[in-house]
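Participant: Read top to bottom, the protein sequences are chains A and B.
According to the working numbering, numbering within the first sequence proceeds without interruption in unit steps and concludes at 463.
According to the working numbering, numbering within the second sequence proceeds without interruption in unit steps and concludes at 678.
Glycine included, C-beta positions come from ideal geometry on N, C-alpha and C.
Below: one structure in structure tokens.
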Amino acid sequence: MKLLPLVLKNLLRKKTRSLLTIGSIVLPLFVICILGTLLRALDADPSGGKGMYRLIVRHKVSITNWLPGAYDPKIRSLPGVVETLRMNWFGGSYIDQSAKNQFARFSTSDADRLMKVFDEAKIVEGSEADWVNDRSGLLVGGQLMKRFGWKLGQKVAFKGDIYPITLELTVRAVFSAADESGVYFHHQAVEEALPRVKGYVGWYWLKTDSLAASERVPKQIDAMFENSSYPTRSETEKEFQAMWVSMLGNVKLLVGSITTIIAIVILLIAANTMAMAARERVTEIAVLRVLGFSKEKILGLVLGESFALSLFGGLLGLGLFILILPGFREGLANSPMGSFAAGIKLFPEVLLLGFGVTLAVGLLAGLVPAIRSAARPITDGLRQVA
Amino acid sequence: MAEPLIRIENVVKQYTRDTQVLTVLDGLSLEVEKGDFVALMGPSGSGKTTLLNLIAGIDRPTSGRILVGADEVSAMSEGALARWRSENVGFIFQLYNLVPVLTAFENVELPLLLTRLSKAERKKQAETALAVVALSDRLDHYPRQLSGGQEQRVAIARAIATDPALLVADEPTGDLDSKSGEEILVLLERLHSEFGKTIVMVTHDPKAAARAHRLVHLDKGVLKEDVRAKGEKGEIGVAAAAAIAAGR
């Protein structure tokens with residue numbers, strides 16, 4: 078610790094170079110943490126564990142193929158199934174197709190069951206009854222209400238694309254949940270406007286009473302409809318989410334590779350700075366050794382400088398990340414990719430990754446210059462004076 | 431006759447450059463008494479600086495023994511040698527070699543950081559060393575804010591900060607004007623006479639060598655001449671030093 082002032086003074090010897098190096102650590106580390114958070118968010122469970130008790134039943138071929146709504150009583154009767162919910166993707170558009178007006182629009186045939194299946198969600202404005210009892214009622218996520226400045230009782234029109242109709246709905250209730258980026262309305266409103274779709278649903282959402290049921294029921298359902306005209310594929314909510322992520326391609330590998338490349342670039346920049354710093358001080362290090370500084374102390378001094386450089390950059394980068402993350406999440410929530418925001422939070426493992434990269438850069442960038450400085454014979458170092 | 435502080439016994443130092451073996455010191459033997467002030471002279475390549483480095487424990491002989499006090503410097507491990515240097519030797523360089531980002535005080539405090547002294551004790555000792563070289567009013571000055579002579583005085587304060595028995599100086603006036611060089615020589619004399627330091631100084635300058643009490647002349651790695659001043663406190667004198675340096 079007595080040598081810490083010397084380490085810090087050495088760091089400030091070439092202020093511009095040190096600041097540029099620190100800057101070149103801060104920004105990439107910030108990006109690493111953001112990418113790490115996105116990666117982690119893809120695997121996150123925004124339901125806080127409740128999703129382990131929810132299953133999705135969809136057509137075996139594709140989610141775009143409908144299932145009969147008549148499956149409902151059969152599925153509901155299975156032991157371990159507590160609740161079922163028939164869901165549809167309405168899609169369409171609000172005002173126009175521009176990015177700022179994009180959000181998820183779902184219809185359900187069982188409005189009264191929605192809050193039972195998603196029991197972690199809460200109604201924060203209006204009431205569940207207001208929504209359930211109004212066939213043209215709309216249940217809106219809190220984030221979306223804020224984004225569009227809607228009020229209870231406001232009329233909102235959605236123009237369909239899959240369904241060639243325009244629905245005029247009334248905001249009746251607002252819900253709070255991890256993902257507040259969508260709206261829900263009665264599928265009966267769609268069926269009334271377009272009778273040919275009556276009796277079909279996009280997928281079922283089930284709630285089970287145990288983890289054992291969550292494991293058992295999908296197999297039972299798929300076996301039950303295996304030889305029907307509408308075979309099913311049943312899975313947990315987590316597997317369903319993973320299916321969407323897999324549709325993005327091998328996004329994890331891509332993001333992971335970018336993160337690794339950024340880390341290597343930081344390392345090379347920091348290593349270059351340390352190599353220059355050590356090369357400029359060959360004589361000075363020889364003088365320190367003449368004064369009695371051991372090889373180990375020289376190793377510590379150079380490595381200490383490398384760690385200090387890396388820590389300044391790393392901690393600033395992590396601080397910047399912590400500071401900006403809420404705004405990043407807010408921005409994402411208000412974007413067409415709003416549903417991704419649900420999984421975004423400050424993950425301790427991402428902070429650990431950032432800190433780990435910082436320490437690794439400090440160690441690896443300083444190791445070679447430190448070993449060379451310590452190993453160089455004193456007389457060789459002194460000879461560089463002349 | 432005072433007891434010898436330094437004993438150099440049949441020391442050979444060779445360097446290998448590519449396939450060529452270069453003998454810099456060739457079976458040199460020498461004793462330096464405690465409290466002596468020795469000037470090492472000789473032409474370039476005669477082995478003066480190599481001998482100084484061996485005495486200071488910053489290089490090792492190819493063969494032979496070097497003892498300083500009871501310690502066999504030539505047989506010590508790297509770690510032990512570093513510790514020994516910090517406690518027993520003060521080194522003064524031609525180009526001062528101060529750390530530019532540290533103040534005069536911090537430069538002098540550097541070797542004290544290796545000791546077990548408390549911060550207050552280190553402060554006291556560094557300030558005392560700077561007072562000895564008359565730089566108490568320059569504690570917070572950085573090397574760039576000092577003249578060459580002042581920088582060398584800070585370097586001397588750094589060399590004496592741990593109160594070593596032995597001071598080795600490699601051309602301490604070589605980079606200074608004559609006035610500053612004279613001040614440094616007066617200071618070295620004072621360290622020798624008042625503080626009893628044993629000083630071994632490499633120099634090309636007969637004026638600097640004249641202040642020593644003993645002059646050792648090396649040539650091609652062997653001892654060519656060893657002249658001691660007459661009288662207890664005598665000096666070699668400029669004329670004698672110049673004659674020896676010229677090989678007459």
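Should methionine 351(A) and serine 383(A) be called a contact, given that it needs their Cβ atoms to be closer than 8 Å?
Facilitator: Yes, these two residues count as a Cβ contact at 8 Å.
Participant: Can you look up glycine 443(B) in the DSSP assignment and give me helix, strand or coil?
Facilitator: The sequence shown places lysine at residue 443(B), not glycine. Note: lysine 443(B) maps to strand in three-state DSSP.
Participant: Runs of 3 residues minimum, wholly inside the stretch 115-195 of chain A: which ones carry the beta strand (DSSP E) assignment?
Facilitator: You should have 131-136, 158-166 and 181-185.
Participant: My understanding is that glutamate 517(B) touches threonine 592(B), with C-beta atoms under 8 Å, so please give their C-beta distance in whole angstroms.
Facilitator: Their Cβ separation, rounded to whole angstroms, is 6 Å, which keeps glutamate 517(B) and threonine 592(B) in contact under 8 Å.
Participant: So for lysine 79(A), helix, strand or coil by DSSP?
Facilitator: If DSSP states are grouped into helix, strand and coil, lysine 79(A) belongs with coil.
Participant: DSSP three-state call for threonine 285(A): helix, strand or coil?
Facilitator: Strand at threonine 285(A).
Participant: Who are leucine 244(A)'s beta bridge partners in DSSP?
Facilitator: Paired residue(s): Phe235(A).
Participant: Strictly below 8 Å CB to CB, what residues from chain A border aspartate 607(B)?
Facilitator: Within chain A, no residue comes near aspartate 607(B); the closest Cβ sits about 19 Å away, beyond 8 Å.
Participant: Measure the beta-carbon distance from threonine 247(A) to lysine 223(A) and round it to whole angstroms, keeping in mind my assumption that it falls under 8 Å.
Facilitator: Contact doesn't hold; Cβ gap of about 19 Å is too wide.
Participant: Spell out the partners DSSP gives glycine 520(B) in its beta bridges.
Facilitator: DSSP, once it has assigned bridges, lists Leu597(B) as partnering glycine 520(B).
Participant: Taking DSSP as the reference, what is the three-state secondary structure of methionine 471(B)?
Facilitator: Strand, per DSSP.
Participant: Assign serine 95(A) to one of two classes, buried (16 or more other C-beta atoms within 10 Å of its C-beta) or exposed (fewer than that).
Facilitator: Counting Cβ neighbours within 10 Å, serine 95(A) comes out buried, since at least 16 surround it.
Participant: If you run the structure through DSSP and keep just helix, strand and coil, what is aspartate 466(B)?
Facilitator: If DSSP states are grouped into helix, strand and coil, aspartate 466(B) belongs with coil.
Participant: Please state whether the Cβ-Cβ distance between alanine 512(B) and glycine 377(A) is less than 8 Å.
Facilitator: Result no, Cβ atoms of alanine 512(B) and glycine 377(A) do not sit closer than 8 Å.
Participant: Out of Leu617(B), Asp466(B), Ala599(B) and Glu613(B), point me to the one whose CA is closest to leucine 481(B)'s CA.
Facilitator: Of the listed residues, the one whose Cα sits closest to leucine 481(B) is Ala599(B).
Participant: Which of the three DSSP states, helix, strand or coil, is assigned to glutamate 502(B)?
Facilitator: In this structure, glutamate 502(B) counts as strand in the three-state DSSP scheme.
Participant: With burial defined as no fewer than 16 other Cβ atoms inside 10 Å of the residue's Cβ, what is the status of proline 241(A): buried or exposed?
Facilitator: When all chains shown are included, proline 241(A) counts as exposed.
Participant: In its own chain, which residues sit with a C-beta less than 6 Å from the C-beta of leucine 497(B), not counting the 5 before and 5 after it?
Facilitator: Only Arg437 meet the Cβ criterion.
Participant: Using 8 Å for Cβ pairs, my map puts threonine 313(A) next to tyrosine 261(A). What's the rounded Cβ distance?
Facilitator: About 21 Å; that fails the 8 Å criterion.
Participant: Enumerate in chain order the residues of its own chain whose CB-to-CB distance from alanine 385(A) is below 6 Å, with the five nearest sequence positions on each side excluded.
Facilitator: These residues qualify, in order along the chain: Val84 and Leu88.
Participant: According to DSSP, is alanine 575(B) part of a helix, a strand, or is it coil?
Facilitator: Reading off the sequence, residue 575(B) comes out as glutamine, not alanine. Glutamine 575(B) falls in the helix class under three-state DSSP.
Participant: Return the CA-CA distance between leucine 606(B) and lysine 637(B), expressed in angstroms with no decimal places.
Facilitator: Each residue's Cα considered, the two are about 13 Å apart.
Participant: Could you give the residue range of the beta strand (DSSP E) that holds leucine 653(B)?
Facilitator: Taken as a continuous stretch (DSSP letters only), the beta strand (DSSP E) holding leucine 653(B) covers 652-658.
Participant: Could you give the first and the last residue of the continuous alpha helix (DSSP H) run that contains histidine 634(B)?
Facilitator: Where histidine 634(B) is concerned, there is no enclosing alpha helix (DSSP H), given that its DSSP letter is neither H nor E.
Participant: When the Cβ atoms of the stretch 125-138 of chain A are set against those of the stretch 276-292 of chain A, are three or more pairs found closer than 8 Å?
Facilitator: Touching, per the Cβ criterion.
Participant: Give a yes or no on contact between the stretch 432-452 of chain A and the stretch 385-403 of chain A, applying the rule of three or more CB pairs nearer than 8 Å.
Facilitator: Yes, they touch.
Participant: Here's a check: name, in chain order, each residue in its chain whose Cβ is nearer than 6 Å to the Cβ of proline 573(B), leaving out the five neighbours to either side.
Facilitator: Excluding positions up to five away in sequence, the list reads Leu528, Pro530 and Glu581.
Participant: When the Cα atoms are used, what is the spatial distance from alanine 254(A) to methionine 192(A)?
Facilitator: The alpha-carbon atoms of alanine 254(A) and methionine 192(A) are separated by roughly 11 Å.
Participant: Exposed or buried, phenylalanine 625(B), counting other C-beta atoms within 10 Å across all chains shown (16 or more means buried)?
Facilitator: With fewer than 16 Cβ atoms within 10 Å of its Cβ, phenylalanine 625(B) is classed as exposed.
Participant: CA-CA distance, valine 632(B) and proline 602(B)?
Facilitator: The straight-line gap from Cα to Cα measures roughly 8 Å.
Participant: Classify tryptophan 514(B): buried if its beta carbon has 16 or more other beta carbons within 10 angstroms, exposed otherwise.
Facilitator: Under this definition tryptophan 514(B) is a buried residue.
Participant: Just verifying my parser: in three-state terms, what is the DSSP assignment at valine 668(B)?
Facilitator: Correct three-state label for valine 668(B): helix.
Participant: Verify the CB distance criterion: does isoleucine 488(B) have a CB-CB separation below 8 Å to chain A?
Facilitator: Taking Cβ atoms only, chain A reaches closer than 8 Å to isoleucine 488(B), which makes this a yes.
Participant: Tell me whether the beta-carbon of alanine 250(A) lies closer than 8 Å to the beta-carbon of isoleucine 200(A).
Facilitator: A contact, by the Cβ cut-off of 8 Å.
Participant: Strictly below 9 Å CB to CB, what residues from chain A border leucine 452(B)?
Facilitator: Residues of chain A passing the Cβ test: none, with the nearest at roughly 14 Å.
Participant: Once you ignore the five residues that flank valine 584(B) on each side, which residues in its own chain have a CB closer than 8 Å to its CB?
Facilitator: Result list for valine 584(B): Tyr526, Leu528, Ala534, Asn537, Val538, Leu560, Val563, Leu565, Arg568, Pro573 and Leu576, in chain order.
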